[in-house]
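Protein chains in written order, with the numbering used here: chain A, 1 to 231; chain B, 1001 to 1284.
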């Protein structure tokens, strides 16, 4: 067993556990995007960064790939970590504003601006689909191609793959190629739908909170608080 | 277009250890000048790797090309040092003279022109590399000359100017009889004459005695990549040692250098693998 401190709490974990798992065991939330249970940790999206070490030697590492170390001091929500996460979300918003997953994460982290050139990519190269295809479907029909700004995901030579079984697993795990949440203006980089006080569920009472698809939207709760205050 | 057996031959040569994808692709690239789809599919099939992985590696490294390349490769350095010393103007000039954009190949498949980000020879800048030959301190006025030179072959040796080229006198490793043939001049020097046999052909074969020149003359035309057996014309012993070519693993042919030392040349036609041991260190 390895003993370490996460946000001041002492925790003992099996050797080989990742910081992400250890933090989740203690109930500290760490946002993830490229991480997925059942797939090998990849560390591509950098959203799960945490700060380790102390003083001038403190550094940011991806918690999904970093194994627990004896005596390690981990901070999952220090100022530096939050700043880094917000920046990453801004960059993700700059490339894929149509993704509900990214928009939800941005809302949850109170991202208020997007200062970069707005693009409308359809891939953030998180590699979930590649790992899904290889590790769970054992097909390896798609993979990374090229490098740098020409990096893309697809089949060799863009041809129909012979090993692909059309399982759709790649699309199922993709955090980007999904329907945009209907509430927003497509040209706006930050949807903020979830932070919006008049969410769909409020306008259309036939959707109760059990059916709300905007989770983790808290619009209805905010509305309730408002009502209570007005009373 | 692609010869299946050639690819299989390369694969056979890399069979010894697994995980040699890079060297397999490198050999394929140097053989065909590019990586064709069929070649990559064949590699996938034979090595049991997935085509996705192979394609990923082939597209990741700039050294691999998926398009057919020209016979001659011209690379213009546009690294910082070369850039400030006029690299872009040279690239522009080459572009105009060959009438292709950087990364393109002329329609006659003679030249491929590319720009690179740094060749690590900043002190020589602006640098242009043609078929592995470095041209330092380039100017736009030299471009035409270099293109013309590349067409005739840059491997032709300039005996008077190149100090790396020097004549060697060799003899048979078995009977110590001189192999020099003063009646057969190559590069204005007496040639090295041996008897060569391959398949069912048998005949004389004369090599340039200049160390650094690869000129040969032969009675029978020798196909590229043929592994030849060389014999001493005097004692008829086969000139063969235990060494393997560092480039292609073919057997090496040893010859005694007059004044001490051994020179070994690769028995594979077209391979430039050679070793020179003058008693001291080894020169490859």
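The beta carbon of each residue, even a glycine, is placed where N, CA and C say it ideally should be.
Practice task
Please determine, among 168/A, 124/A, 135/A, the residue with the shortest C-alpha to C-alpha distance to residue 149/A.
Solution key: 124/A
(Q) Using a Cβ-Cβ cutoff of less than 8 Å, which residues in the same chain neighbour residue 1110/B once the five nearest sequence positions on both sides are dropped? (A) 1070, 1071, 1072, 1151
With a threshold of 16 other CB atoms inside 10 Å of the CB of residue 110/A, please say whether the residue is buried or exposed. exposed
_Just to confirm the assignment, what range does the alpha helix (DSSP H) spanning residue 1009/B have?_
1004-1013
**Prompt:** By DSSP, does residue 87/A sit in helix, in strand, or in coil?
**Reply:** helix
(Q) Give me, in chain order, the residues of the same chain whose beta-carbon lies closer than 7 Å to that of residue 64/A; leave out the 5 immediate sequence neighbours on both sides. (A) 18, 20, 32, 35, 41, 43, 48
* Which whole-angstrom value describes the C-beta separation of residue 28/A and residue 6/A, a residue pair presumed to lie in contact below a C-beta threshold of 8 Å? -> 6 Å
Subject >> C-beta neighbour in chain A for residue 1037/B, strict 8 Å >> reply: yes
Item to complete: Just tell me which of 152/A, 166/A, 78/A has its CA closest to the CA of residue 55/A.
Response: 78/A
Just to confirm my understanding: we take residue 1/A, look at its own chain, exclude 5 residues before and 5 after, and list those with CB closer than 8 Å. What are they?
12, 13, 14, 15
Length of the line joining the Cα atoms of residue 1013/B and residue 1084/B
45 Å
Residues bridged to residue 1203/B by DSSP?
-> 1196/B
_Closest residue to residue 190/A among 134/A, 170/A, 175/A, 95/A (Cα-Cα distance)_ = 95/A
Apply the 10 Å Cβ neighbour rule to residue 1269/B and answer buried if 16 or more other Cβ atoms are within range, or exposed otherwise. buried
Practice prompt. Please list, in chain order, all residues of the same chain as residue 1203/B whose beta carbon is under 6 Å from its beta carbon, the five residues on each side excluded.
Written response: 1219, 1220
Between 1222/B, 1117/B, 1175/B, which has its C-alpha nearest residue 1235/B's C-alpha?
1175/B
Note to self: Considering only the alpha carbon of each residue, which of 83/A, 106/A, 85/A, 81/A lies closest to residue 93/A?
What the structure shows: 106/A
Helix, strand or coil for residue 1249/B, going by three-state DSSP, please let me know. coil
- Query: What span of residues does the beta strand (DSSP E) with residue 1116/B cover, start to end?
  - Reply: 1111-1116
Check: residue 1056/B: which of 141/A, 121/A, 66/A, 126/A sits nearest, CA to CA?
Finding: 141/A
* Quick one: using the 10 Å Cβ neighbour count with 16 as the cut-off for buried, is residue 1254/B buried or exposed? => buried
message: 8 Å is my cut-off, CB to CB: does residue 44/A come that close to chain B?
response: no
- Task: Below 7 Å between beta carbons is the criterion; list the residues of the stretch 1054-1065 of chain B that meet it against any residue of chain A, in chain order.
- Result: 1055, 1056, 1059, 1060
*In whole angstroms, what separates the C-alpha of residue 1005/B from that of residue 175/A?*
45 Å
Q. Roughly how many whole angstroms lie between the Cα atoms of residue 1274/B and residue 1080/B?
A. 36 Å
Query raised in the report: Unbroken beta strand (DSSP E) runs of length 3 or more, entirely within the stretch 30-81 of chain A: which are they?
Result: 49-52, 59-62, 73-75
Along chain E, which residues have their Cβ under 8 Å away from the Cβ of residue 146/A?
Absence of chain E from the displayed structure is noted, the protein chains being A and B.
- Task: For residue 127/A, collect the residues of the same chain with a Cβ closer than 8 Å to its Cβ; drop the 5 residues on either side in sequence, then sort them by chain order.
- Result: 34, 42, 44, 144, 153
Under 8 Å between the Cβ atoms of residue 132/A and residue 170/A? yes
Helix, strand or coil: which one does DSSP assign to residue 170/A? helix
* Asked: Just the Cα atoms here: how many angstroms apart are residue 197/A and residue 85/A?
  -> Note on residue 197/A: pLDDT 45, under 50, position unreliable in the model; the coordinate value appears next. So the two alpha carbons sit approximately 25 Å from each other.
Q) Which chain A residues sit within Cβ distance under 8 Å of residue 1050/B? A) 140, 143, 163
Meets three-Cβ-pair contact criterion under 8 Å: the stretch 1044-1058 of chain B and the stretch 153-165 of chain A: yes
Who are the Cβ neighbours of residue 114/A in its own chain at under 7 Å, not counting the five residues just before and after it?
-> 90, 93, 94, 189, 190
- Query: How would you write the range of the alpha helix (DSSP H) that residue 104/A sits in, first residue to last?
  - Reply: 100-108
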